[in-house]
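**Q**
Written out as structure tokens, the structure is:
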């Protein structure tokens with residue numbers, strides 16, 4: 250049986266509305282602004298102070314923001330090279346997000362207030378980025394099998410999430426090319442050239458079919474070289490010849506006295522959420538339909554209200570227009586946009602971009618907004634219908650609800666704000682022994698900064714090094 254929506258307002262609700270107005274007036278700032286101290290310390294690279302601020306914020310670990318608290322704790326632990334704690338927090342976040350059930354109370358509150366009344370549900374790309382961090386942590390701890398599991402989970406999650414959406418409204422971010430690339434690197438370093446080739450080939454297909462057109466990210470040069478090498482090493486000569494002709498170059502054969510170093514560079518910081526709004530005109534149609542129209546955005550959304558009681562239908566018929574608030578991303582442009590690896594002050598290797606998290610974030614949010622615009626409009630229409638009906642019965646109470654509606658129409662501006670802007674990587678081959686390696690990061694205006702480290706290479710072995718430059722404009 251279909252449920253009917255009925256609007257019943259009494260004087261008993263007045264204190265609740267007044268409390269809500271006061272509460273939500275105090276929360277008009279974006280999530281980024283509300284966490285200014287934490288963000289400032291993090292941007293300065295003072296990770297210890299950022300963690301102290303996070304731990305002191307009693308609200309951050311409550312159910313509503315618990316996912317973000319755990320994700321940030323995991324990131325901070327990872328940046329302090331405490332990989333055991335990092336995996337612990339990311340595992341907790343993973344389980345919390347996966348097990349989170351629809352909260353009836355918060356859903357009801359959100360229908361009358363705004364989405365920030367609900368526990369935060371990470372964007373789909375945030376949901377899988379925690380598996381990327383877990384994979385890196387396991388690699389640092391030498392557990393390649395666990396790292397492979399996390400790489401697989403990235404795409405398993407994306408498939409499962411996308412399957413829940415209507416066919417014509419699915420995410421463009423439907424498969425992660427860099428997760429396949431990282432799987433290939435791990436298989437490669439474990440001596441499994443066959444599975445490495447398969448992973449590299451899968452990654453190439455995603456870059457060519459999806460990443461290039463949707464995120465302006467072409468297949469990395471390093472990926473092509475690794476694909477050629479593993480095809481040749483596995484004896485897949487037909488594939489080897491095909492890709493060699495396609496790429497127009499051959500791979501450089503390895504010396505048995507050399508070892509590999511994989512450099513992964515995280516550049517800048519991902520975007521933060523702000524708010525924008527759009528006005529819709531209400532048009533009452535036939536057969537019980539109410540249509541919301543915005544000519545500027547060319548959006549028309551019909552709602553069936555014919556199954557509601559007559560009083561509720563009359564309240565909706567009084568609607569003129571509604572203003573709906575949506576989240577939007579604001580980019581934090583990385584100060585350093587490309588990097589090179591310099592070996593022993595002579596040889597130089599450029600790093601290739603493998604993942605543009607910023608571009609993925611923008612497209613993922615846009616895809617979600619298309620899916621959820623109807624729900625947002627229904628929420629606003631319901632609030633204004635309540636206001637209209639109440640005003641017809643009690644002018645003062647109607648005015649209070651009008652104020653309440655105005656201050657509570659806010660977008661959910663929460664997001665995982667410690668993610669990088671993009672991921673770059675390369676492979677370098679070095680003779681067995683000790684080497685001095687320099688990561689040189691470069692800005693578009695010609696500035697550069699060097700990070701030097703010494704490493705010891707063993708023949709036939711692979712080492713992983715990860716860096717994160719957070720400087721952003």
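Numbering (the numbering used here), first residue to last: 250 to 722. No residue lacks a Cβ here, since even glycine has one placed at the ideal position from N, Cα and C.
1) Which runs of the alpha helix (DSSP H) fall wholly inside the segment 663-690 and span at least 4 residues, in chain order?
2) Identify every run of the beta strand (DSSP E) within the segment 397-429, keeping only runs that are complete inside it and at least 3 residues long; order them along the chain.
3) Apart from the five residues just before and just after residue 341, which ones in its own chain have a Cβ nearer than 6 Å to its Cβ?
4) For residue 506 and residue 708, I'd like the C-alpha separation in whole angstroms.
5) If the criterion is Cβ atoms closer than 8 Å, does the pair residue 436 and residue 426 meet it?
6) Do the CB positions of residue 670 and residue 587 come within less than 8 Å of each other?
7) Let me know the secondary structure DSSP gives residue 379 once reduced to three states.
8) Compute the distance between the beta-carbons of residue 715 and residue 373, then report whether it is under 8 Å.
9) Please classify residue 513 as buried or exposed, where buried requires at least 16 other C-beta atoms within 10 Å of its C-beta.
10) Since residue 522 sits in a beta bridge, which residues does DSSP pair it with?
11) Kindly list the residues whose CB is nearer than 7 Å to the CB of residue 354, restricted to its own chain and excluding five residues on each side of it in sequence; keep chain order.
12) Between the Cα of residue 557 and the Cα atoms of 545, 537, 569, which residue gives the shortest distance?
13) Assuming contact is defined by CB atoms lying nearer than 8 Å, are residue 379 and residue 400 in contact in what I supplied?
14) Starting from residue 334 and walking both ways along the alpha helix (DSSP H), at which residues does that stretch end?
15) Can you look up residue 584 in the DSSP assignment and give me helix, strand or coil?
16) Do you know how far the Cα of residue 589 is from the Cα of residue 676?
17) My output table needs one value for residue 506: the three-state DSSP class, helix, strand or coil.
18) So, is residue 528 buried or exposed, given that buried needs 16 or more other C-beta atoms within 10 angstroms?
19) Looking at the structure shown, is residue 706 part of a helix, part of a strand, or coil, going by DSSP?
20) Considering only residues of the same chain and omitting the five flanking positions on each side of residue 661, which have a CB-CB separation below 6 Å?
21) So what does DSSP say about residue 601, is it helix, strand or coil?
22) What are the boundary residues of the alpha helix (DSSP H) that residue 543 is part of?
23) Of the residues 334, 491, 420, which one's Cα is nearest the Cα of residue 619?
24) Taking the DSSP output, what are the residues bridged to residue 527?
25) Are there 16 or more other CB atoms within 10 angstroms of the CB of residue 555, so buried, or fewer, so exposed?
26) Which residue's Cα is closest to the Cα of residue 349: 335, 491, 337, 368?
27) Within its chain, find whatever has a CB closer than 7 Å to the CB of residue 211; leave out the 5 residues flanking it on each side and keep chain order.
28) Determine the DSSP secondary structure at residue 320, reduced to helix, strand or coil.
29) Determine the DSSP secondary structure at residue 501, reduced to helix, strand or coil.
30) Quick one, which of 311, 595, 383, 414 has its alpha-carbon nearest residue 326's?
31) Is the Cβ-Cβ distance between residue 678 and residue 509 less than 8 Å?
32) Please state the DSSP three-state secondary structure of residue 439.
33) Can you say whether residue 595 is buried or exposed, counting buried as having 16 or more other CB atoms within 10 angstroms of its CB?
34) Quick check on this structure: which residue in 312, 459, 297 has the alpha carbon closest to the alpha carbon of residue 322?
35) Per DSSP, which one or two residues make a beta bridge with residue 515?
36) Under 8 Å between the Cβ atoms of residue 461 and residue 672?
**A** To lay it out plainly:
1) none
2) none
3) Numbered from its first residue, the chain shown carries residue 341 at position 92. Excluding residues within five positions, the ones whose Cβ falls inside 6 Å are 319.
4) If you number the chain shown from 1, residue 506 lands on position 257. If you number the chain shown from 1, residue 708 lands on position 459. One C-alpha to the other measures close to 5 Å.
5) For the purposes of this step, residue 436 is taken as the residue at position 187 of the chain shown. For the purposes of this step, residue 426 is taken as the residue at position 177 of the chain shown. No, Cβ-Cβ distance for residue 436 and residue 426 is not below 8 Å.
6) Within the chain shown, residue 670 is the residue found at index 421, counting from 1. Within the chain shown, residue 587 is the residue found at index 338, counting from 1. The criterion of a C-beta distance shorter than 8 Å is not satisfied by residue 670 and residue 587.
7) Walking along the chain shown from the start, residue 379 turns up at place 130. Here residue 379 sits in helix by DSSP.
8) To locate residue 715, count along the chain shown from 1; it is residue 466. To locate residue 373, count along the chain shown from 1; it is residue 124. No, the Cβ-Cβ distance between residue 715 and residue 373 is not below 8 Å.
9) The residue you call residue 513 lines up with position 264 of the chain shown. Label assigned to residue 513: buried.
10) Position 273 of the chain shown holds residue 522. Looking at the DSSP output, residue 522 bridges to 578.
11) Counting from one through the chain shown, the residue named residue 354 turns up at place 105. Its pLDDT being 44, under 50, residue 354 is placed unreliably in this model, and the value from its coordinates should be taken loosely. Nothing listed; no residue qualifies.
12) Here residue 557 is taken as the residue at index 308 of the chain shown, counted from 1. Closest by alpha carbon: 537.
13) Numbered from 1 along the chain shown, position 130 holds the residue referred to as residue 379. Numbered from 1 along the chain shown, position 151 holds the residue referred to as residue 400. No, Cβ-Cβ distance for residue 379 and residue 400 is not below 8 Å.
14) Residue numbering aside, residue 334 sits at position 85 when the chain shown is read from its first letter. Its alpha helix (DSSP H) spans residues 332-348.
15) The residue given as residue 584 occupies position 335 in the chain shown. DSSP, reduced to helix, strand and coil, places residue 584 outside both helices and strands of the structure shown, so it counts as coil.
16) One-based indexing of the chain shown puts residue 676 at position 427. One-based indexing of the chain shown puts residue 589 at position 340. Approximately 11 Å between the Cα atoms of the pair.
17) Mapped onto the chain shown, residue 506 falls at position 257. Of the three classes helix, strand and coil, the one that applies to residue 506 here is coil, per DSSP.
18) Along the chain shown, read from residue 1 onward, the residue named residue 528 stands at position 279. Residue 528 is exposed by the Cβ-count criterion.
19) Walking along the chain shown from the start, residue 706 turns up at place 457. Strand.
20) Working through the chain shown from its first residue, we reach residue 661 at position 412. Correct list, in chain order: 364, 365, 576.
21) To locate residue 601, count along the chain shown from 1; it is residue 352. In the three-state reduction of the DSSP assignment, residue 601 falls in the strand class, which pools E and B.
22) Position 294 of the chain shown, counting from 1, holds the residue named residue 543. Residue 543 -> not in any alpha helix (DSSP H); beta strand (DSSP E) instead, spanning 538-543.
23) In the chain shown, counting from the first residue as 1, residue 619 sits at position 370. Answer by Cα proximity: 420.
24) Sequence index remark: in the chain shown, residue 527 carries index 278 (1-based). Residue 527 pairs with 573.
25) The residue given as residue 555 occupies position 306 in the chain shown. So residue 555 counts as exposed.
26) For the purposes of this step, residue 349 is taken as the residue at position 100 of the chain shown. The shortest Cα separation from residue 349 among 335, 491, 337, 368 belongs to 368.
27) Past the boundaries of the shown model lies residue 211; the chain is included only from 250 to 722, so the question cannot be answered.
28) Position 71 of the chain shown, counted from the first residue, corresponds to residue 320. Residue state, collapsed to three classes: helix.
29) Locating residue 501 in the chain shown gives position 252, counting from the first residue. Of the three classes helix, strand and coil, the one that applies to residue 501 here is coil, per DSSP.
30) For the purposes of this step, residue 326 is taken as the residue at position 77 of the chain shown. Of the listed residues, the one whose Cα sits closest to residue 326 is 383.
31) Position 429 of the chain shown, counting from 1, holds the residue named residue 678. Position 260 of the chain shown, counting from 1, holds the residue named residue 509. Yes.
32) Within the chain shown, numbered from 1, the residue matching residue 439 stands at position 190. Reduced to three states, the DSSP call for residue 439 is coil.
33) Here residue 595 refers to the residue found at position 346 when the chain shown is read from its first residue. It counts as exposed.
34) Taking the first residue of the chain shown as 1, we reach residue 322 at position 73. Looking at the Cα atoms, 297 is the closest of the given residues.
35) As a first step, residue 515 is located in the chain shown; it is residue number 266 there, counting from the start. For residue 515, which the question treats as bridged, DSSP gives the partners 672, 717.
36) For the purposes of this step, residue 461 is identified with residue 212 of the chain shown, where counting begins at 1. For the purposes of this step, residue 672 is identified with residue 423 of the chain shown, where counting begins at 1. Taking 8 Å as the Cβ cut-off, residue 461 and residue 672 do not qualify as a contacting pair.
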